[in-house]
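Have a look at the structure below, then the notes.
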Amino acid sequence: MSRRIAVVDKEKCNPIACGDFLCIRMCPLNRAGKEAIVKGPDGKAQINEDIATDACQVCVNICPFGAIHMVKLPDQLTQRPIHRYGKDSFVLFNLPVPMPGKVVGILGRNGIGKSTALKILSGTLKPNLGDPEKPGDITELIKMFKGTEMQKFLEQVKAGTVKVAYKPQAVDLVAKKAEGKVKDLLKKVDQKGKMSEVVEILEMQNILDRDVKDLSGGEMQRLAIAATYLKDANFYFFDEPASFLDITSRMKVAKLIRSLAQEQGNTILVIEHDLATLDYISDELQIVYGEAAVYGIVSQTKPIRRGINEYLDGYLPDDNIKFRNYKIVFNKGIEKEGKQPVLFEWPDLEKKFPSFHMKINQGAIQRGDVLTITGSNGLGKTTFLKMLAGLIKPDKGELTSKIKIAYKPQDLQTEAGTVQEWLNKVAKDHNSGWFKQNILEKLNLQSIINNNISSLSGGELQKVYIAITLSLKAEVYAFDEPSAFIDVEDRLKVAEVIRDFMNKNDTCAIVVDHDVQFLDYVGDAMLVFSGIPGKEGQVKGPLSKKEGMNEVLKMLGITYRMDKESKRPRINKPGSQLDIEQKNSNKYYYA
């Protein structure tokens, strides 16, 4: 196989709009009489890797839609390809190694082959070993891994003895397909007779009689995890199980998933972008690196702590591969000096539902500040945002301020058309140089600007919503769970974009999230929600960031420590020496 990968993004390729295959007409090799790039059978550009050379970088640069990629593979890469979707499409190298009795974490950027690997391991995709013109054949893959644990697993896949249970990333899609009450769905999928046990562990008693379509994001996530656990399988795959869950629920989910491996000896793979949760839940780690939509390489298995730190460094010492030209550094958010003028105030508020009652104390937020909100699910955080945004009317208290609030919801709906068309419709300033440089480029949205919104991944759609929200003319910007579905690198970029925008425009933001590192990085002050989930909620604050983080973790009985190498937060095991010491000194957060 060529040491370079040529990929044409078929969705972006638009021969009519570029004037009838601009790349074909301008390619230096084509002009020399060769056919390095031609019109493919699908009517889009197609690259011949055997002919293509470094000169083909001209085509990469000249394509007005960014549809062409020409990437040099690492010199250290010796493996054959596992699968390729087409002649000039995405390529996957290597596979995650399933380990019976252990939880293997998978860490990598979105669009880099994790889902492809799952399909192969589950037997739903037959690998073609890099030749898309040949039918897929798992027998050849078994030979490729002869003498390894992977060989044994693939033989089970071939024999049809691998029973897969899969928890998808997009739990909102489950809600759209499922009908009826929560308890009826769980009874239907319960193949182990453990429904009552799981309902108690995940604290789902209060939602059993609710319709699935009425569940919140966190409730839907717990339902999807419970349904996956209750299936009688021997290979369980959980795609981003922490999204929308509060810290306590994440730990309970981690314990439940670990029990599948430790007590039942099953094979477990977990994809997760929240590093604290991934660290807590996993025994081993495999890193997937490469270039999104072009190629992905699965690393060797590593101990979880070392693996996460190597990922943050962007360097794999065992393979001598540097896959990122910068380190991810968890610098703490800058503490601002002095008080700024108050921009927005709210009075005492109260809202009653048939089974839920919440009270909000009066508060205020200063110009340029980011106010973060955290606490268990079911305490009214989203309801509070919706009241501020005018989507829900409080029963007591009146929001008389004429200040305009832009609101990014938790649940993301797709729109018709492309990202560019949506921006044209709702964002007046999206073509300004500042917006392009500081919003679109930092969030890496320029590369998908001509993509259909319906085709975006969860992380891409989340970033588009954030950009759309920031494009609106407002004084206050409210974000409900902006880190959901977004990978590690982009979470820090999202935090930077929000902070920088508020500082530059003298506006303010209110951010609800459960990723403690993200909250610490983005916020200036914090509101802490407490109460009885699903029954009553109240608020403490605004508090300083340090006070707020300590308050919420104390309330939840959880302590965090700082990793000595990467400075990232790590959850202490309950009852451990460090956990006890920090609780005794009232230092629940590593800060």
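Under the numbering used here, the first residue of the sequence shown carries the number 31, and numbering increases by one thereafter.
Virtual Cβ for every residue (Gly too), placed ideally from N, Cα, C.
Asked                                                                                                                                                                                                 : Found
Please state if the CB of K193 and the CB of D313 are separated by a distance shorter than 7 Å.                                                                                                       : no
Per DSSP, which residues does C538 bridge with? Please list them.                                                                                                                                     : V506
Which residue marks the beginning of the alpha helix (DSSP H) containing P10, and which one marks its end?                                                                                            : No answer is possible for residue 10: the residues shown for the chain start at 31 and end at 621.
Are the CB atoms of L122 and R598 within a distance shorter than 7 Å?                                                                                                                                 : no
Among G166, I81, R110, K211, which has the Cα closest to the Cα of Y325?                                                                                                                              : R110
Return yes when the Cβ of P424 is within less than 7 Å of the Cβ of K381, no when it is not.                                                                                                          : yes
Could you tell me which uninterrupted beta strand (DSSP E) segments, each at least 3 residues in length, are contained entirely in the stretch 292 to 360, listed from first to last along the chain? : 297 to 301, 314 to 321, 325 to 328
Which term fits F353, buried or exposed, when burial requires 16 or more other beta carbons within 10 angstroms of its beta carbon?                                                                   : buried
Tell me where the beta strand (DSSP E) around K438 begins and ends.                                                                                                                                   : 435 to 438
May I ask you to report which of helix, strand or coil DSSP gives A525?                                                                                                                               : helix
Tell me whether the beta-carbon of G578 lies closer than 7 Å to the beta-carbon of Q568.                                                                                                              : no
Flag this pair as touching only if the stretch 132 to 147 and the stretch 316 to 331 have three or more C-beta atom pairs under 8 Å; answer yes or no.                                                : yes
Helix or strand or just coil, what does DSSP make of G567?                                                                                                                                            : strand
Go ahead and pull the three-state DSSP assignment for L253.                                                                                                                                           : helix
May I ask which residues mark the beginning and end of the alpha helix (DSSP H) holding C228?                                                                                                         : Cys is not the amino acid found at residue 228; the sequence shown has Val there. Where V228 is concerned, the enclosing alpha helix (DSSP H) stretches over 225 to 231.
Can we say the stretch 54 to 66 touches the stretch 80 to 94, given the rule of at least three CB pairs closer than 8 Å?                                                                              : yes
My output table needs one value for M31: the three-state DSSP class, helix, strand or coil.                                                                                                           : Unreliable positioning characterises M31 in this predicted model, as indicated by a pLDDT of 49, which lies under 50. The coordinate reading is nonetheless provided below. M31 falls in the coil class under three-state DSSP.
Helix, strand or coil for I67, going by three-state DSSP, please let me know.                                                                                                                         : strand
On a Cα-Cα basis, can you pick out the residue from G116, L308, M417, K584 that is closest to D609?                                                                                                   : K584
Between which residues of its own chain and F509 is the CB-CB distance below 6 Å, once the five residues before and five after are set aside?                                                         : K438, V541
Take V204 and list the residues in its own chain whose beta-carbon comes closer than 6 Å to its own, dropping the five residues that flank it on each side.                                           : A254
Hey, out of E41, P162, L151, whose CA is closest to I168's CA?                                                                                                                                        : L151
Whose C-beta lies closer than 7 Å to the C-beta of Q235 among residues of the same chain, with five residues either side of it excluded?                                                              : V229
Counting along the chain, where does the beta strand (DSSP E) carrying S485 start and finish?                                                                                                         : From DSSP, S485 is part of no beta strand (DSSP E); its letter is neither H nor E.
From R591 to Q547, what does the alpha carbon distance come to, in whole angstroms?                                                                                                                   : 12 Å
Taking the alpha-carbon positions, what's the V524 to F374 distance?                                                                                                                                  : 23 Å
If you compare alpha carbons, which of V518, G427, H99, K188 is closest to L473?                                                                                                                      : V518
Ignoring anything shorter than 4 residues, give me the alpha helix (DSSP H) runs that lie fully in the stretch 233 to 290, in order along the chain.                                                  : 247 to 259
Is it buried or exposed, P128, if we count other Cβ atoms within 10 angstroms and call 16 or more buried?                                                                                             : buried
Is it the case that the Cβ atoms of Y311 and A284 are separated by a distance below 7 Å?                                                                                                              : The sequence shown places Ile at residue 311, rather than the Tyr named in the question. Yes.
Taking the C-alpha atoms as reference points, what is the distance between P58 and P126?                                                                                                              : 40 Å
Below 8 Å on the Cβ atoms is my contact criterion, and I expect K117 with P157 to pass it. Report the Cβ-Cβ distance as a whole number of Å.                                                          : Contact flag wrong, Cβ pair sits at about 16 Å.
CB-CB under 6 Å to K575, same chain, minus the five flanking residues each way: which ones, in chain order?                                                                                           : G553, M556
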